[in-house]
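Participant: Before we start, here is the structure in question, set down as structure tokens.
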Amino acid sequence: MTTPVKATLSVILKANDVVVAEVEDPVLWQRILTAINRGKNDGNLDPDGAGAGRDGNGLLTDDVSGNNGERPATGSVDALAKQLGIDAAVVQGACSPTNQEPYLHLDAHCWEVMKRQLPARGPTALSPIVAAATMLALWFNKAGLGNPTQAQAKAVLATINVGDPNASRSIQNATWLQGRSGGQIILNPAEISKAVKLTKSFCSKDWGAWKETAN
């Protein structure tokens, strides 16, 4: 039986015949290939539809305004803002959604407002992991990123140096979230309105509506 040979995919950047950089990254390779194929058809080398194109000299340009140079996935942010009923700029300022890890960068001031306005216990209280997982799951849904994991939600909390020692139990107790094998987190379709209300409250720094209806 012949053992199949696995190809090594690498991206090489050259200036004339001089190799400037080389990296073995199949994900990057696939994105660049997709960009090239799309560029042949419409002149837009943007695999994510988030603002890349060409300038007057035919050079690739990109509208990057996310944290650490990450692409903010503008179209998906607009879609999320529309679902929440708030401005996209408010969403961007509160959680900086991107299509690269850790996917959300939470605003520390928004977090402090949440902790100050909500009780520590009771039906309207929120554990750190539930807040992060809810916003991340809603963002993944709008951005077409699949289902987030508990580990990814913890990475979001890490952007503001927050942890949650009871993550699994807290997610199980949130009726609008459902845990799956492999640590995946999905939204309960019957209660997605709670996820929307939670995320809107966080971004707008107003938890009045959440406290009135979350029970």
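Going by the numbering used here, the sequence shown opens with residue 1, and the numbers climb by one from there. Yeah, the Cβ is synthetic: ideal placement off N, Cα and C, and Gly gets one too. Here the structure is a predicted model, which means the values were calculated and not measured.
Should residue 181 and residue 129 be called a contact, given that it needs their Cβ atoms to be closer than 8 angstroms?
Facilitator: In this structure, residue 129 does not lie closer than 8 angstroms to residue 181 by Cβ.
Participant: Looking at residue 133 and residue 148, is the spacing between their C-beta atoms short of 8 angstroms?
Facilitator: A contact, by the Cβ cut-off of 8 angstroms.
Participant: Can you check which of these residues, 161, 89, 176, is closest to residue 137 by C-alpha distance?
Facilitator: Residue 176 is the option with its Cα nearest to residue 137.
Participant: Buried or exposed for residue 185, please, with buried defined as at least 16 other CB atoms from any protein chain shown within 10 angstroms of its CB.
Facilitator: Buried, since its Cβ has 16 or more Cβ neighbours within 10 Å.
Participant: Can you tell me which of the three DSSP states residue 171 falls into?
Facilitator: Looking at residue 171 - three-state DSSP - the assignment turns out to be helix.
Participant: Can you give the Cα-Cα distance for residue 191 and residue 124, rounded to whole angstroms?
Facilitator: Rounded to whole angstroms, residue 191 to residue 124 spans 15 angstroms at the Cα level.
Participant: Out of curiosity, what's the CA-to-CA distance linking residue 107 and residue 77?
Facilitator: If you take the alpha carbons of residue 107 and residue 77, they lie about 16 angstroms apart.
Participant: Alpha carbon to alpha carbon, how far is residue 161 from residue 63? Give it in angstroms, no decimals.
Facilitator: Its pLDDT being 39, under 50, residue 63 is placed unreliably by the model, and nothing is read from it.
Participant: Looking only at C-alpha atoms, which of 203, 173, 112, 105 sits nearest to residue 153?
Facilitator: Among 203, 173, 112, 105, the Cα nearest to that of residue 153 is on 105.
Participant: Out of 85, 74, 109, which has the shortest C-alpha to C-alpha gap to residue 92?
Facilitator: The candidate whose alpha carbon is nearest that of residue 92 is 74.
Participant: Assign residue 189 to one of two classes, buried (16 or more other C-beta atoms within 10 Å of its C-beta) or exposed (fewer than that).
Facilitator: Result: exposed.
Participant: Let me confirm a value: residue 225 is counted as buried when at least 16 other C-beta atoms fall within 10 Å, else exposed. Which label applies?
Facilitator: Nothing can be reported for residue 225: it is not among the residues displayed for the chain, which extend from 1 to 215.
Participant: Near residue 139, which residues of its chain fall below 7 angstroms by C-beta distance, leaving aside the five closest residues on each side in sequence?
Facilitator: Only 80, 97, 103, 104 meet the Cβ criterion.
Participant: Does residue 138 come out as helix, strand or coil in the three-state DSSP assignment?
Facilitator: It is helical.
Participant: What does the Cβ neighbour count give for residue 172, buried or exposed, with the cut at 16 atoms within 10 Å?
Facilitator: When all chains shown are included, residue 172 counts as exposed.
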